[in-house]
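**Student:**
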Amino acid sequence: MKHAALPAARDAAPTPEHDREQASSLGESAFADKSQDPASTASMRTLGSVAAGHGLTAEAAAATLRAGGNAFDAALAAMCAACVAEPALASLGGGGFLLARPSGGVPQVFDFFAQTPRRRRTPQELDFYPILADFGDATQEFHIGLGSIATPGAVAGLFAMHGALCRLPLAAIVAPAVHLAREGVAVNRFQRGISKIIAPILRASPEALKLYADPGQPDRLAAVGTRVRNPDLADTLTALAHEGSDLFYRGDLARRLVRDCAEQGGHLIGADLAEYRVERRSPLIRDYRRARVYTNPPPSHGGLLISVTLRLLERVELSRTERYGAAHLHALALAQDLTQRLRWEQPSALEDATAALDPRILEAYCRLMEGGAVCSRGTTQISIVDHQGNLASLTLSNGEGAGYVLPGTGIMLNNMLGEEDINPHGFHRWPTNRRISSMMAPTLLAMPDGGWVVTGSSGSNRIRSAILQVISNLIDFELDLRTAVAAARIHREGDVLNLEPPVSAATIGQLAPEWPGLKVWNQPSLFFGGAHSVAVARDGSTTGAGDPRRGGVAVQVRAPARRGLPANHRGGSPTAPPSQ
């Protein structure tokens, strides 16, 4: 069996393809990168590292750092830019999470994920229907339409995070995204591939197709290299920066969304938008071997399930196994399988971390782990560290999109109520007015040597397995960051154990009797997540790793040594890099 080689992760500078794309898209704008000459490197200081799912997303963050912003300014700039450069994965019509650690401070989570509506209309009243997304080696059904829209939190999150953490004015933070939306972004191969996968959603309405169509052939999705503009989104971002979040949650935009839901089969009412609030939470913390993991707490399940799986893996000395050999993969698969069983057999235990991590519950699963451990989905991740030691892990999702575009805004709304992964007990059964549980799990890892890793992933139900394996690769096998992120992954889901190549025939032969649902993929795939990550060493040096499965780009940001912070910046003074 011949397997495709896993492409190498990109590091300090974008690839030539991304350089050309940036040059053509950014031109000579104020935020374009003018410091790439190697001859000038000696006169430049490092401002931090960025990892994201697109070169222009990463460049928006890098430009913001160069302008005097901190990691959180950069994360918000990247979040807005992703809505332009990665429109099939990111939207202001969705929601997400930021795990933030101010330098020398305590990590905290900003939960701006979607909320269930306050009323539940009958299925017969709804605009709610299935589509099939084709990943190549697997297909997945999603439901879209106005009846799939939950209350979006991304806009509220933008303002809440800005007020709490940022230095620069919001108009400066959204400026890169505004420029990209007006000038257009050339479609790259990865974004074109995503568009093909979710084409039924993008063709669900003329307004949706317009966001992704070839300007010269408006009935066709844009081909690679075609420049696509979104001037409505540019106007919306500009208006939000000047008028505030009420424009979206209480003003004309809110009224139009509520009217369309009432008339066309959606759930949302005015109170859903007007009463939406961003929640600030303490992260879930657990130790794994000699490292400490900070991740997303309940009511979301992703971080909690990662914690459970790590607890199970502690019963196995993975460092003594051959990496990606049969014993290693069997242990990973068993830990994922037992975590899946816990999710279904003890659903009430997932309501809070104390219950789920109760030793009395976990011990039974740990015994099963010990007895069997020997063997002969539309989301984007942004990870940033700055030179002051601020850490930001931001995960943003629109689901796959509802196929509905809020008129005049360039914003496609989410389809969170149509996601089977976050509605495991069936559609139209969700509790009203409650924060939806998500698999998204922005994560910080305090390393034994005093350094930090910022990670997280996209990939729907594969988010937790991607993050888990990055952590294990770093801790159990002591891999460098780029290798840990690029290494082949597995994912256990239902009765299927998915293996990403390359995997040897001997390993497949050893695993097959234990895992009848074994499925070996033909090539590395975005199915297995996108864990764009950055790291800061104890001495303050930074590195990044974009996940090649999802077009990941990592950029080390430098600026001339003479540049300092602007006099009118907000926030504290620079401090030393973080230590554990």
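Here the sequence shown stands for residues -9 to 570, numbered as in our numbering.
Glycine is no exception: its CB is placed at the ideal position from the N, C-alpha and C atoms.
#1: List the whole-angstrom C-beta distance separating T54 from E76, where the pair is believed to meet the contact cut-off of C-beta under 8 Å.
#2: Determine, using beta-carbon pairs with one atom in the stretch 432 to 450 and one in the stretch 301 to 308, whether at least three such pairs fall under 8 Å.
#3: Could you tell me whether the Cβ atoms of Y266 and Y239 are closer together than 9 Å?
#4: Is it true that the CB of S428 sits closer than 9 Å to the CB of A474?
#5: Which whole-angstrom value is the C-beta distance of V168 and T228, which I expect to be below 8 Å?
#6: Check the C-beta distance from G147 over to G86 and give it rounded, since I have them as a contact under 8 Å.
#7: So Q254 is in the alpha helix (DSSP H); what residue range does that whole segment cover?
#8: Going by Cα to Cα distance, which pick from Q371, N178, L122 is closest to L89?
#9: Given a cut-off of 9 Å, decide if G391 and I188 are closer than it, judged by their beta-carbon atoms.
#10: Does the distance from the C-beta atom of A478 to that of E490 stay below 9 Å?
#11: Would you kindly work out how many angstroms separate the C-alpha atoms of S235 and I498, rounded to a whole number?
#12: Run through DSSP, which three-state label would F417 get?
#13: Just the C-alpha distance for G436 and E269, rounded to the nearest angstrom, thanks.
#14: How many Å lie between F571 and K200 at the Cα?
#15: Given a cut-off of 9 Å on the beta-carbon distance, is the pair R110 and H481 in contact?
#16: Please list, in chain order, all residues of the same chain as E409 whose beta carbon is under 6 Å from its beta carbon, the five residues on each side excluded.
#17: With distances taken from CA atoms, which of D529, Q459, I191 is nearest L136?
#18: Kindly confirm or deny that the stretch 206 to 213 and the stretch 95 to 107 touch, where touching means at least three C-beta pairs closer than 8 Å.
#19: Can you tell me whether A20 is helix, strand or coil according to DSSP?
#20: Thinking just about the alpha-carbon of each residue, which of G43, W511, L300 is nearest to the one in N463?
#21: Under 6 Å Cβ to Cβ from R280, same chain only, skipping five residues before and after it: list those, please.
#22: Where does A13 fall in DSSP's three states?
#23: The beta strand (DSSP E) with Y119 in it runs from where to where?
#24: Residues in its own chain within less than 6 Å of L163 by CB, not counting five upstream and five downstream?
#25: Starting from R271 and walking both ways along the beta strand (DSSP E), at which residues does that stretch end?
#26: How many angstroms separate the CA atom of I374 from the CA atom of A382?
#27: According to DSSP, which residues form a beta bridge with A41?
#28: Enumerate in chain order the residues of its own chain whose CB-to-CB distance from H257 is below 6 Å, with the five nearest sequence positions on each side excluded.
#29: Would you please state the rounded distance, in angstroms, between the beta carbons of G400 and G43? I believe it to be under 8 Å.
#30: Can you name the residues that DSSP bridges to E483?
#31: Among I296, P289, V395, which residue has its Cα nearest to the Cα of V460?
#32: Nearest-angstrom Cα distance between C70 and P503?
#33: When you compare the CB positions of H291 and R331, do they come within less than 9 Å of one another, or not?
#34: Provide the residue span of the beta strand (DSSP E) that contains S455, from first to last.
#35: Applying the 10 Å Cβ sphere with the 16-neighbour rule, what's the burial state of H152?
#36: Drop a sphere of 10 angstroms on the beta-carbon of P538, count the other beta-carbons inside from all chains shown, and report buried for 16 or more, exposed for fewer.
**Tutor:** On the basis of the data shown:
#1: Rounded, the Cβ-Cβ distance is 17 Å, inconsistent with contact.
#2: no
#3: yes
#4: no
#5: 6 Å
#6: 7 Å
#7: 242 to 254
#8: Q371
#9: yes
#10: yes
#11: 53 Å
#12: coil
#13: Note on identity: in this sequence residue 436 is Ala, with Gly being the wrong assignment. Cα to Cα, the separation comes out at about 24 Å.
#14: Outside the shown range of the chain, which is -9 to 570, sits residue 571, and nothing can be said about it.
#15: no
#16: G389
#17: I191
#18: no
#19: For A20, the predicted structure reports a pLDDT of 32, less than 50, and the residue's modelled location is therefore unreliable. The matter cannot be settled from this model.
#20: L300
#21: P438
#22: Any reading at A13 is ruled out, since the residue's pLDDT is 32, under 50, leaving its predicted position unreliable.
#23: 119 to 124
#24: Correcting the residue identity first, residue 163 is Ile in this sequence and not Leu. Here the set comprises D63, L66, A67.
#25: 269 to 271
#26: 5 Å
#27: S373, A544
#28: P107, R111
#29: Actually they are not in contact, since the Cβ atoms of G400 and G43 sit about 19 Å apart, beyond 8 Å.
#30: V486
#31: I296
#32: 48 Å
#33: no
#34: Segment 453 to 465 is the alpha helix (DSSP H) holding S455; no beta strand (DSSP E) there.
#35: buried
#36: buried
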